[in-house]
Every structure is written in C-alpha cells, then in structure tokens.
Amino acid sequence: MKRKMLFVMVVLSLIVSACATPAPVAEPTASGPSKFAFWHSMGGSNGEAVVEMMKRFNASQTACIGEAVFQGSYDDSLNKLKAGLQSKDIPAVVQMFDLATQVLIDLQVIAPMQEFIDADKFSLADYETNVLAYYTVGGKLYGMPYNTSNPMLYYNKDHFKAAGLDPNKPPRTYAEVLDVAKKLTKKDGDKVTQYGYSMAIYGWFFEQLLAASGGLYLDNGNGRDARATKAAFNGPEGVKILTWWKEGYDAKVFGNFGRPTADTQKAFDAQQTSMIIESTAGLRGRLNASQGKFELGTGYLPRPDEAAFKSAGTIIGGASAYIMKDRPKAEQNCAWQFIKFTTSPQIQAYWHTASGYYPVTKASYNIQEDKDWVAKYPQFLTAVDQLHISPNIRATQGGLTGVMPQARQLTEVAIEEVIQGKATPKEALDKAADAVTKAITDYNKTVK
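Mapping of the sequence shown onto this note's numbering: position 375 corresponds to residue 382, and the numbering continues sequentially without gaps.
This is the structure we're talking about:
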C-alpha cells in the first residue's frame, strides 16, 4: 500500500509539473452550523461567480457555512492537495480537473459521489448524460461535474465578410477549414500578416479531435471497459488529424503560436488569425476582447467529414467536485448539500451566464435568466448544441488512466515533431504511443 501511495503521489507530481455512508440531510450541531471548505481553481470573473454561489448557498440554509478558497491553478490546487493528504489538512470538497479522475480513484481518498446520491435517493434524470459519463467509472459516479466545457471554433465574422465568405456559415470539416483558411490568409510579401486558422499545440485539442473522429485514445474502451493497458491514439484517426494540421501549416495558412493557449487567444483577439479552436470556457473573454473591434462567431469543432457529426462528438472538459473521504461526516454532508445546490437549475443558469461553462442540468435552459442571456449572446448555445449532438460512446467519454498528464505532454511533443518536419504523423504518434504505453504499464503495476 505504501508503494502504491508513493507511486500515485509521483503521478500527482507529474500532473503538477506538466467510507462511512453519508446522511442525506445536514443539520446544525449543538455548537451551531457545520463549517466546511471548498477548494477551487476559478480566477477572475469565474472566481467571483464561485464566491457568489457560496454566498447564496450559505444564505439558503442554516445548517452549514461554507468557504470558497481559491487555490490557484488546477496544478497548484493538486499540489496543495497532495501535501494535505500527508498532513490531513484537506477540504471537505475540492474542484479537480478531468485529468486527475483515475488518480483520485486509485488513491482512495475521495468518497464516491454515488454513495451520497444513493443514500439521498437523489435523481440524476435532469443531468446531462454525456457530462456524467466522463466521471462515471464502473457504473459509479465519483465526482459531480462542476464546470463543464468543450472546444469549439471561434471565428472573426468581419474577416469572413472581407474575404467574400458567408459570416454565418463556419467551416465544419477538415477540408472546409483548410479551404476557408486559404481564403482568409493575408500576406505582405513572404510574411503572413493574418493566418486563416490557428490552434495551440495542446494535447486536449488533439484528444477532442480524436474523439470527434470516433477514435479511441486508449485500449479497453478508452480504459472504461477495463483498466487501460496501452495507447491507441496512433491509429488512422490520429494520423489524419496530424496530416491535416501539417498540410495547413506547410501551406502557411495555419498559424503556430506555440503550446500556451493564451498566446493563440491573444493572436485571435489582435486579429492576427481569423479562426481558432478554444474551450467554451473562454467565450466571455473572447466576447469582451472583440467588443467594438469585430463580430465574433462560433462553430462546432471540425470533423474529418460530415458523417462524423452523427457518429462521434466531443469529450467533456473542465472539472468535477469531489468530496474527500477523510473528513468528518458533518462536513461531508454539508459538501453534498452544497453540490446539490450548485447544480440546481437556477444556480446553473447563473453559472452559465457568469462564466461560459455550460449547465450540467437540462432544466437550467428554461430559467429566464439563461433564456435572456443566450438571446443576447447566441454564441453561448454553440457548445450546448454540440454537447447535445454528441453520442454517448466510449470515444466521447474520454480516456481514463492515471498517466493522462504524461500522455497529453507526449502527444504535444508528437505534434511539434510533425509540424517541424522531424517525423511523419505516423512516426511521431507511434513514438508517443510507445512511451505512453510504458508509462501505463508502470502505473498499473502499482494499483493492481
């Protein structure tokens, strides 16, 4: 067990560098309301929204008093959680990103959300099926989706108009993106002054494009039919993605602004590129940046062909709320009440309009606040519609393994090697897949 804990702690470090049955109702104790902490990683306006939701929760009942504590980035929060597991200084509930799912399960430090759901006889009928699917392992929900997103196409409608393109008809397939990018690209001599399309070298984007092609990232049904034993992203779907990426780059119509997504966002805001792929979580930021400069359009994540829009789809991004196992029952109960509150339709509608993350409950879209918001900013519906057309299949449920952080970094290296002409798409992905498979093998030895 010590060896297992040590190895998984090492995995947690890599992420940084790259139970008792719960009572369904929280009640005040003899000494007053129970206090609990919620660690989160939402900064800026999103962080303000998190604090507001906690204020509303505290005002809605008298049994619990929660405190939303900002812990920095997901990596920072995970680093602090890692340290807290040793000192027992951990919160009752923590927001943790998708990559940590398998590691948290293997560490056995979280109380499965399913236990609280079953004890409370709580219905999940109104919750988005695809959203729940990502955090469901072996038929058991481990974390309650908190902030959910998917990637989509952002484009400059003014650039489309100037190029004689329909501003209300964004490209949908790889071929269409390449064709439109050629028409949008501008040059001053040999220097490109405006790229038609750009995408950060980000492993998450590759994972999403792979899922949208119907391809699996890992064997054994993406690690969901059984524990993953090897990488599978080096198949025809993955090769096609990098072949397309390389073709656009060589034609000098796809821009490369590096790995940091913020750099590609800045290029888009400065109108140095006409189209980008980015998370829906960045929509409010792009709307603010484009205000008074250009009209912002949004479209679906590109697919290899039109047929893929029916057979495949995107993976859930973002993070989930996990209740920690080693906390007093009163704190766990309060954490559960808080989670139910924050995922209620009214609060989810507020979260959608305040952040850009889409609701996890369907009824949220019927709340007037949300209706008014999307009527004013229809761009917010793109990610929601994309979610609803995505089938709930193994590809769209996402890969599940304790070495996802390493895998993501290795695919980023593969993308760079292809773009730089150091390897063919197949060679680069085979190399990355071999390295990921070895990492999975080493990890699995510690958790069986």
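For glycine and all other residues, C-beta sits at the position ideal for the given N, C-alpha and C.
Fair warning: this is a prediction, and the values are worked out from it, not measured in the lab.
Next item on the list: Evaluate residue 244 with the Cβ neighbour count: other Cβ atoms within 10 Å of its Cβ, from every protein chain shown; 16 or more gives buried, anything less gives exposed.
Entry: Residue burial is scored here from C-beta neighbours: residue 244 has at least 16 other C-beta atoms within 10 angstroms and is therefore classed as buried.
Item checked: Cβ neighbour criterion (16 or more within 10 Å) applied to residue 378 -> Exposed.
Check: Could you give the C-beta distance for residue 394 and residue 157, rounded to a whole number, given that I count them as a contact under 8 angstroms?
Finding: Distance from residue 394 to residue 157 at the Cβ level is roughly 6 angstroms; contact confirmed, criterion being Cβ atoms closer than 8 angstroms.
Check: With which residues is residue 154 paired in a DSSP beta bridge?
Finding: DSSP links residue 154 through a beta bridge to 326.
Check: By Cβ distance below 7 angstroms, which residues in the same chain neighbour residue 242 in space, the five residues on each side in sequence not counted?
Finding: Apart from the 5 residues on each side of it in sequence, residue 242 sits with its Cβ closer than 7 angstroms to the Cβ of 222 in its chain, given in chain order.
Check: If we count the other Cβ atoms within 10 Å of its Cβ and call it buried at 16 or more, is residue 132 buried or exposed?
Finding: Flag for residue 132 reads exposed.
Check: Whose C-alpha, out of 323, 264, 375 and 411, is nearest the C-alpha of residue 139?
Finding: Checking every option, the nearest Cα to that of residue 139 belongs to 323.
Note to self: What does the Cβ neighbour count give for residue 146, buried or exposed, with the cut at 16 atoms within 10 Å?
What the structure shows: So residue 146 counts as exposed.
Check: Count the other CB atoms within 10 Å of the CB of residue 171; is the residue buried (16 or more) or exposed (fewer)?
Finding: It is exposed - the Cβ of residue 171 has fewer than 16 other Cβ atoms within 10 Å.
Check: Counting only runs that start and end within the segment 224-290, where is the beta strand (DSSP E) found for 3 or more residues in a row?
Finding: For the segment 224-290, whole beta strand (DSSP E) runs of length 3 or above, ordered along the chain, are 282-286.
Check: Over what stretch of residues does the beta strand (DSSP E) that includes residue 194 continue unbroken?
Finding: Unbroken beta strand (DSSP E) run through residue 194: 193-195.
Notebook entry, point to check: Shortest alpha-carbon distance to residue 169 belongs to which of 114, 137, 129 and 301?
Noted result: Out of 114, 137, 129 and 301, the CA that lies nearest to the CA of residue 169 is found in 301.
Margin query: I need the DSSP call for residue 45, collapsed to helix, strand or coil.
Written below: DSSP places residue 45 in strand when its eight states are reduced to three.
Check: In this structure, does DSSP put residue 420 in helix, strand or coil?
Finding: Three-state DSSP puts residue 420 in a helix.
Check: Going by the beta-carbon positions, is the gap between residue 80 and residue 326 smaller than 9 angstroms?
Finding: Residue 326 is positioned such that its CB atom lies no closer than 9 angstroms to that of residue 80.
Check: In whole angstroms, what is the alpha-carbon distance linking residue 163 and residue 255?
Finding: Each residue's alpha carbon lies about 18 angstroms from the other.
Check: Taking the Cβ atom as the reference point for each residue, do residue 224 and residue 217 lie within a distance shorter than 9 angstroms?
Finding: One thing to note: residue 224 has its Cβ within 9 angstroms of the Cβ of residue 217.
Notebook entry, point to check: Can you tell me the Cα-Cα spacing of residue 249 and residue 274, whole angstroms?
Noted result: Their Cα atoms are separated by approximately 22 angstroms.
Checklist line | Coarse secondary structure for residue 74, derived from DSSP in three states | finding: Strand at residue 74.
Next item on the list: Can you have a look at residue 124 and say buried or exposed, based on whether 16 or more other CB atoms are within 10 angstroms of its CB?
Entry: Buried: at least 16 other Cβ atoms inside 10 Å.
Check: What's the call for residue 74, buried or exposed, on a 16-neighbour Cβ count within 10 Å?
Finding: The residue is exposed, with fewer than 16 neighbouring Cβ atoms inside 10 Å.
Next item on the list: Give the DSSP-derived three-state secondary structure of residue 368 in the structure shown.
Entry: Here DSSP, grouped into helix, strand and coil, assigns residue 368 to strand.
Margin query: What does the alpha-carbon distance come out to for the pair residue 232 and residue 180?
Written below: Rounded to whole angstroms, the gap between the alpha carbons of residue 232 and residue 180 is 30 angstroms.
Notebook entry, point to check: Using the C-alpha atoms, what's the distance from residue 38 back to residue 70?
Noted result: Whole-angstrom Cα-Cα distance: 11 angstroms.
Notebook entry, point to check: DSSP on residue 23, reduced to helix/strand/coil?
Noted result: The predicted model places residue 23 with a pLDDT of 46, which falls under 50 and marks its position as unreliable; any figure quoted below should be read in that light. It is helical.
Next item on the list: Could you check the C-alpha separation between residue 269 and residue 128 for me, to the nearest Å?
Entry: Roughly 43 angstroms separates the two Cα atoms.
Check: Grouping DSSP H, G and I as helix and E and B as strand, with all else coil, what is residue 130?
Finding: If DSSP states are grouped into helix, strand and coil, residue 130 belongs with coil.
Next item on the list: Work out the CA separation of residue 398 and residue 354 for me, nearest whole Å.
Entry: If you take the alpha carbons of residue 354 and residue 398, they lie about 26 angstroms apart.
Item checked: CA-to-CA distance, residue 68 to residue 360, given in whole angstroms -> Spanning the two alpha carbons is a distance of roughly 24 angstroms.
Check: Buried or exposed: residue 113, going by 16 or more other Cβ atoms within 10 Å of its Cβ?
Finding: The residue is buried, with at least 16 neighbouring Cβ atoms inside 10 Å.
Checklist line | Residue from 388, 426, 308 and 449 whose Cα sits closest to the Cα of residue 413 | finding: A check of alpha carbon separations from residue 413 across 388, 426, 308 and 449 identifies 449 as the nearest.
Check: Can you tell me whether DSSP reads residue 299 as helix, strand or coil?
Finding: For residue 299, the three-state secondary structure derived from DSSP is coil.
Next item on the list: Compare the beta carbon distance of residue 426 and residue 263 with 9 angstroms and say whether it is the shorter of the two.
Entry: Taking C-beta atoms as the reference points, residue 426 and residue 263 count as a pair closer than 9 angstroms.
Check: Measuring CA to CA, which of 154, 240, 220 and 104 is closest to residue 362?
Finding: Of the candidates 154, 240, 220 and 104, the one whose C-alpha sits nearest the C-alpha of residue 362 is 154.
Next item on the list: Could you tell me the distance, in whole angstroms, from the CA atom of residue 281 to the CA atom of residue 192?
Entry: Distance between the alpha carbons of residue 281 and residue 192: 8 angstroms.
Next item on the list: Using only alpha-carbon positions, find the residue among 343, 382 and 329 that is nearest to residue 150.
Entry: Of the candidates 343, 382 and 329, the one whose C-alpha sits nearest the C-alpha of residue 150 is 329.
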